[in-house]
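> Shown below is the structure under consideration.
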Amino acid sequence: MTAAERAADPQARLQRALDFGYRLLGRRDRTVAELRRHLASKAVEPSTIDVAIAELARQGYLDDARYARRFAEDRRALDDWGPDRIERKLLVAGVAPEHIAAALCARDGESELEAAVELLRRRCHDVPGSDRERERALGMLVRKGYDLDLAYDAVRAFERTGSSLAS
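Sequential numbering from 707 applies to the sequence shown in my numbering.
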């Protein structure tokens, strides 16, 4: 079969798109939007992209809900990210808001507060003693993606409990 014949054959076009998809998904999980962009960059026709994405999802290789859960778990455990930062990154990756909400509700407000206080214990050697030190601790939590109110609560809780609890 020549290249022109393969290009005209819908099954050959689909197999080409699936091969690109398998190769990309073999490295790490991707979102539907990321795979769609990748296939489009490889000059795959939009109708073939739709069929390939449906097939990869049916086979279990492509699942935005799973991607959101794993991403949230990894960013919390490995990078100490808070829910706001995780949400922003998932939105940029093209994950639907309902999948993001489900991934973020896996941890309740109390757990988020505990995680923020634990991050302060690891990062701050001493309890903040001045307004400037409190602002630095607060800023670090906000940059990590914790809500401002929760960050305030975490700094106050850290001041009450002290860094000695980490020992």
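Just so it is clear, CB atoms sit at the ideal spot from N, CA and C, and this is done for glycine as well.
Note that the structure is predicted; figures quoted are calculated from it, not measured.
Figure out for me which residue from Glu824, Ala739, His831 has the closest Cα to the Cα of aspartate 859.
Numbered from 1 along the sequence shown, position 153 holds the residue referred to as residue 859. Measuring from the Cα of aspartate 859, the nearest candidate turns out to be Glu824.
> Find out if the Cβ-Cβ distance for the pair alanine 809, alanine 763 is shorter than 8 Å.
Taking the first residue of the sequence shown as 1, we reach residue 809 at position 103. Taking the first residue of the sequence shown as 1, we reach residue 763 at position 57. No.
> Decide if tyrosine 728 is buried, meaning its Cβ has at least 16 other Cβ atoms within 10 Å, or exposed.
Your numbering for residue 728 matches position 22 in the sequence shown. Per the 10 Å Cβ criterion, exposed.
> For proline 716 and glutamate 779, I'd like the C-alpha separation in whole angstroms.
Sequence index remark: in the sequence shown, residue 716 carries index 10 (1-based). Sequence index remark: in the sequence shown, residue 779 carries index 73 (1-based). The alpha-carbon atoms of proline 716 and glutamate 779 are separated by roughly 39 Å.
> Would you tell me roughly how many angstroms separate the C-alpha atoms of arginine 813 and aspartate 756, rounded to the nearest one?
One-based indexing of the sequence shown puts residue 813 at position 107. One-based indexing of the sequence shown puts residue 756 at position 50. Rounded to whole angstroms, arginine 813 to aspartate 756 spans 34 Å at the Cα level.
> Does the region 792-805 come within contact of the region 831-838, defined as at least 3 CB pairs closer than 8 Å?
Because the criterion of three Cβ pairs below 8 Å is not met, the region 792-805 and the region 831-838 do not touch.
> In whole angstroms, give me the CA-to-CA distance for valine 861 and alanine 771.
Locating residue 861 in the sequence shown gives position 155, counting from the first residue. Locating residue 771 in the sequence shown gives position 65, counting from the first residue. Answer to the nearest angstrom: the Cα atoms are 32 Å apart.
> To the nearest angstrom, how far is it from the Cα of isoleucine 792 to the Cα of alanine 746?
The residue you call residue 792 lines up with position 86 of the sequence shown. The residue you call residue 746 lines up with position 40 of the sequence shown. Distance between the alpha carbons of isoleucine 792 and alanine 746: 26 Å.
> Assuming lysine 748 is part of the alpha helix (DSSP H), what are its boundary residues?
Position 42 of the sequence shown, counting from 1, holds the residue named residue 748. It is not in any alpha helix (DSSP H) - lysine 748 carries neither H nor E in the DSSP assignment.
> Taking the alpha helix (DSSP H) that threonine 867 falls in, what are its first and last residues?
Along the sequence shown, read from residue 1 onward, the residue named residue 867 stands at position 161. Note, threonine 867: alpha helix (DSSP H), 854-867.
> Can you tell me whether glycine 727 is helix, strand or coil according to DSSP?
Your numbering for residue 727 matches position 21 in the sequence shown. Three-state result, glycine 727: helix.
> Got a sec, what are the start and stop residues for the alpha helix (DSSP H) proline 803 sits in?
Position 97 of the sequence shown holds residue 803. It spans 803-810 - the alpha helix (DSSP H) in which proline 803 sits, taken as one unbroken run.
> Does DSSP put valine 833 in a helix, a strand or coil?
For the purposes of this step, residue 833 is taken as the residue at position 127 of the sequence shown. Coil, per DSSP.
> Between the beta-carbon of leucine 844 and the beta-carbon of alanine 863, is there less than 8 Å?
Working through the sequence shown from its first residue, we reach residue 844 at position 138. Working through the sequence shown from its first residue, we reach residue 863 at position 157. Cβ atoms of leucine 844 and alanine 863: not closer than 8 Å.
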